[in-house]
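Chemist: These protein sequence lines map, in sequence, to chains G and R. Residue numbering for the first sequence follows our numbering, beginning at 1 and increasing consecutively. Residue numbering for the second sequence follows our numbering, beginning at 1001 and increasing consecutively. Okay, handing you the structure first.
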Amino acid sequence: MLNIESSLSSKRILIVDDLVQARSSLKNMMGIIGAQSIDTATDGREAMELILENDYDLVLSDYNLGKGKDGQQILEEARFSNRLKATAQFILVTGENAVERVMGALEYEPDAYITKPFTLSMLRERLKRIFHTKEELRPINEAIESGDISQAIEIANFLLESKPRLLLPVSRILGKLYMRQERYEEALYVYSQPLNTRMVSWARLGQAICMHYLGDSLGALALIRQTLVDYPMYVQCHDWAARILLALGKPEEAQEQLELAAAISPRAVLRQMELGYLASQNGDHKIAEVAFEQSIRLGRHSCYKASGNYLQFARELQHGLTSEKTRDNINLRNKALRAIDELRQEYSGHVSIMFDTCIVEGKTYTAVAESDKAKEAVDRAESMLARIQTPTPDQRLSMTEAFIDTGQHVKAKDLMNTMRDSKASNLAQNALDKLRALEDKLNAMTIREHTAKLNAEGVSLYEQGKLMEAIEVFDQAVKYDEVGVSVLLNAIQAKVSHIERTELDIRQLKDCYTLFKRIGNVGHLDERYDRYDRLKTTCIRLKRAAGL
Amino acid sequence: MKFEQLAAAVIHDVKNQLQSLMDEEQLALEQLPDQYRSIVEPILQRTSRLKDDALQLVILFRLGQNRPFPMDDAWPRDTANDAIEAAAIQFPSVKLVNDIDEDCQGFYNENLIHLALMTLITNSAQAGATSITLKAEEVDQDSGRLCIQVIDNGPGFSKTMLETQGESADEHSSHDDGTGLGLYFVKLIVEHHKASIQGASVVLTNNSKKGACVTLNLA
């Protein structure tokens, strides 16, 4: 067994614990057993700053760090940002009740864990074992570090044969390496080996993942559910159940699994983001809103900070916004605008993100009927788009929609024409679908505006007593299927007045009946009912008078 | 918050507070002049016992909820060392020997087995043993099958105890004057390992000359 004192003396060490007593106690212990270069951090934020600045050989982090990130998240971020070499060690210090969660991690697992409480001699013994194992695994980790995965696999297989005591740690690494190379059959075999004699939760999850990729998703799901019966707090099982359910075309059930995972481990940014996007896709905007709000909060000081979280959060809030000036509505509006402001401050130099920001801001103002501010935001988006060298189809589509929302139909039409003319053949199917939907939206809006104009003109002519001219204008309006009941009643009114005042014009009378047919039934409670009923009675009388 | 969660949180806090108290007491012992140590030592012993009791409560609570304790590679020599270190505080006059090879390896929940060993050492010491030896042997290296023994020089088990292997309802004690709760707790722990290790058992025997031997078969 190696000499822990001499081994520790050359190592750069980071200790992370939010409790001052625990931190200094661990630092003292490490000093006594030979550590010479020790930094300490009180929380995840400080720990990440130090990890980004320095090359640590060993990180000893408490799992539970109070309000901020937990130890597992520090490990994930450190490995995600490639700030920890494969040969460096990350050891989680944990209470007995969190061991289950720490041990189960399959993707970003710690090198080891130490359960609290421990004495100096316990720590020394544990570290000796950990270092000894890490030393034995060194050839694999060095091959991984140099990017030679095939070589790492070869070494791992050799170690499995020659050192059966390393079955668990080597199987764990080897399973992952095979999966990286999409060699799922081999990975499945590797995970099944320890399970022949031991119940190892991560090996069962590994098996399930392989089964899923090999096409047996239902079998994988069954295995995960069985594992969850034994280990209900095994959060990664819920994550994978969600992924598999999604692949099976069951997004609502997938969302349920992610919600369970987020309830067990609410501080994982990536999981909250995944839940947010899935809930949004499922139309569950309330859950999506909460998930993206969490993603923003948790991501603020992490490598997972993403502009998309702010944008999605504001978009989810828009679903609850109305033009009413209620307290709740104002709060929602302000919440969305605060997120947009923060986004603007954090990403001010990024033109594309600023474009998206302006678009979302415009939509927020449109939703609360603040049309001037909406237009200002859309104008800013337009100038941002001009600064983007090659706008994506999505950006152009967003711009088009924003133009339509703010009544800038000519600009919208121009942009749509540009898209159709220049790159039509390159547009993906979903972009083409969106373009068609926007064209329909624009057409519908244009028609509504046009018929509203005709209606106003017809009413004016009617009031001036120019009945035939009014009838002509209303006839133009009612040619559009989109016109409403009021316009149809106005058209009937003009024709009835004309018949009563001048002559029994059969064609006009028949037109009235056609228009009544289009109106259908108007209920007693409808405010237009009296007018409808009066006109209908008059028409029946005129019909009798005409002998029809 | 559910009652069970609240109770679990309180028990955990009690355990952690007791650990802190122990740390403080140990610090005080290091700094006190020799003549005062004998006054503080019994306090440390009682605190250590209380902490073990609290730990037992935590474990029993979780076992009662059928929540599994994850198993992993473990080294009996280290587990025995931890148990001996903790027991030495409570029984300073008892000779505790770790006779386990450094390379001996097993697959079990370290916290649970640590507590089982602590309990067996306590039983032996309370029964009057003055020397307790811990041994372990790998039965099957590939599967991690293992047996761990706690051997003492005390009065040994009664005939009834040996016949029933501690299974009789009114007599769970490993030694005649105990309450029986300790052995019952050890059996619960070993029973728990059955989910992962088939054939796990506790065997009570007497040594050929003097004393008792409890064997934990994690095999």
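Glycine is no exception: its CB is placed at the ideal position from the N, C-alpha and C atoms.
1) In whole angstroms, what separates the C-alpha of Ser121(G) from that of Thr1164(R)?
2) Please state the DSSP three-state secondary structure of Val522(G).
3) Can you tell me which of the three DSSP states Asp62(G) falls into?
4) Would you please state the rounded distance, in angstroms, between the beta carbons of Thr364(G) and Ala402(G)? I believe it to be under 8 Å.
5) Please state the DSSP three-state secondary structure of Gln943(R).
6) Could you work out which residue in Thr514(G), Ala477(G), Asp475(G) and Leu467(G) is closest to Glu500(G) when comparing CA atoms only?
7) Are the C-beta of Ile1011(R) and some C-beta of chain G separated by less than 8 Å?
8) Hey, Tyr191(G) and Gly215(G): beta-carbon distance below 8 Å or not?
9) Buried or exposed for Ile4(G), please, with buried defined as at least 16 other CB atoms from any protein chain shown within 10 angstroms of its CB.
10) Select from Gln312(G), His301(G), Ser307(G) and Arg300(G) the residue whose C-alpha is nearest the C-alpha of Leu275(G).
11) So within the stretch 28-86 of chain G, which uninterrupted beta strand (DSSP E) runs reach at least 3 residues, ignoring any that extend past its ends?
12) Check distances from the C-beta atoms of the stretch 110-125 of chain G to those of chain R and list, in chain order, the residues that come in under 7 Å.
13) Spell out a yes or no on whether the stretch 326-342 of chain G and the stretch 378-388 of chain G are touching, meaning 3 or more CB-CB pairs, one atom from each, closer than 8 Å.
14) For Ser201(G), go through chain R and note every residue whose CB falls closer than 8 Å to its CB, in chain order.
15) Please tell me whether Arg271(G) and Ala262(G) are closer than 8 Å, where the distance is taken between their beta carbons.
16) When you compare the CB of Val347(G) with every CB in chain R, is at least one pair closer than 8 Å?
17) Going along the chain, which residues of its own chain have a beta-carbon closer than 8 Å to the beta-carbon of Tyr277(G), five neighbours each way excluded?
18) What do you reckon, are the CB atoms on Ile13(G) and Ile38(G) nearer than 8 Å?
19) Closer than 8 Å, CB to CB, is Leu168(G) near chain R or not?
20) When the distance is taken between beta carbons, is Thr133(G) closer than 8 Å to Pro164(G)?
21) Given this structure, state the Cα-to-Cα distance separating Phe474(G) from Gln508(G), to the nearest angstrom.
22) Return yes when the Cβ of Val20(G) is within less than 8 Å of the Cβ of Ala41(G), no when it is not.
23) Please classify Val1186(R): does DSSP put it in a helix, a strand, or coil?
24) Spatial neighbours of Asn1081(R) within its chain, please: C-beta separation below 6 Å, excluding the five flanking residues on both sides.
25) Terminal residues of the continuous alpha helix (DSSP H) containing Tyr184(G)?
26) Checking the sheet assignment: what are the DSSP bridge partners for Cys1213(R)?
27) Hey, could you find the ends of the alpha helix (DSSP H) Phe158(G) is sitting in?
28) I need the boundaries of the beta strand (DSSP E) containing Asn1098(R), first residue and last residue.
29) What does Arg204(G) reach in chain R if we use C-beta pairs closer than 7 Å?
30) Which value, in whole angstroms, describes the spacing of the CA atoms of Asn1153(R) and Leu260(G)?
31) Check whether the stretch 356-376 of chain G and the stretch 397-412 of chain G are in contact - that is, three or more C-beta pairs closer than 8 Å.
32) Taking 8 Å as the CB-CB cut-off, is Arg198(G) touching chain R?
33) On the CB-based measure, 16 or more other CB atoms within 10 Å of its CB, does Tyr231(G) come out buried or exposed?
34) Measure from the C-beta of Ser1173(R) to each C-beta in chain G and report whether the shortest distance is under 8 Å.
35) In whole angstroms, give me the CA-to-CA distance for Glu463(G) and Gln429(G).
36) Assuming contact is defined by CB atoms lying nearer than 8 Å, are Leu1055(R) and Leu1115(R) in contact in what I supplied?
Modeler: Let me spell this out:
1) 39 Å
2) Secondary structure of Val522(G) (DSSP, three-state): coil.
3) Correct three-state label for Asp62(G): strand.
4) Incorrect: roughly 11 Å between the Cβ atoms, too far for contact.
5) Any answer about residue 943(R) is impossible in this case: the structure gives chain R only from 1001 up to 1219.
6) Leu467(G)
7) At a cut-off of 8 Å between beta-carbon atoms, Ile1011(R) makes no contact with chain G.
8) no
9) Label assigned to Ile4(G): buried.
10) Ranking Gln312(G), His301(G), Ser307(G) and Arg300(G) by Cα distance to Leu275(G) puts Gln312(G) first.
11) 37-41 and 58-62
12) Against chain R - using a Cβ distance shorter than 7 Å - the residues of the stretch 110-125 of chain G are Thr115, Pro117, Thr119, Ser121, Met122 and Glu125.
13) Segments in contact, no.
14) Pro1070
15) Yes, Cβ-Cβ distance for Arg271(G) and Ala262(G) is below 8 Å.
16) According to the sequence shown, residue 347(G) is Tyr rather than Val. Answer no: the Cβ-Cβ gap between Tyr347(G) and chain R never drops below 8 Å.
17) Ala288 and Gln312
18) yes
19) yes
20) Cβ distance not < 8 Å, so Pro164(G) and Thr133(G) don't count as in contact.
21) Going from the Cα of Phe474(G) to the Cα of Gln508(G) covers about 12 Å.
22) Result no, Cβ atoms of Ala41(G) and Val20(G) do not sit closer than 8 Å.
23) helix
24) Asn1098
25) Tyr184 to Leu195
26) Ile1151(R) and Thr1205(R)
27) Ile149 to Ser162
28) Lys1095 to Asp1099
29) Within chain R, no residue comes near Arg204(G); the closest Cβ sits about 12 Å away, beyond 7 Å.
30) Distance between the alpha carbons of Asn1153(R) and Leu260(G) is about 53 Å.
31) yes
32) yes
33) Under this definition Tyr231(G) is a buried residue.
34) In this predicted model, Ser1173(R) has a pLDDT of only 45, less than 50, meaning its place in the structure is not dependable; the value taken from the coordinates is given anyway. With 8 Å as the cut-off, Ser1173(R) does not count as an interface residue toward chain G.
35) 51 Å
36) yes
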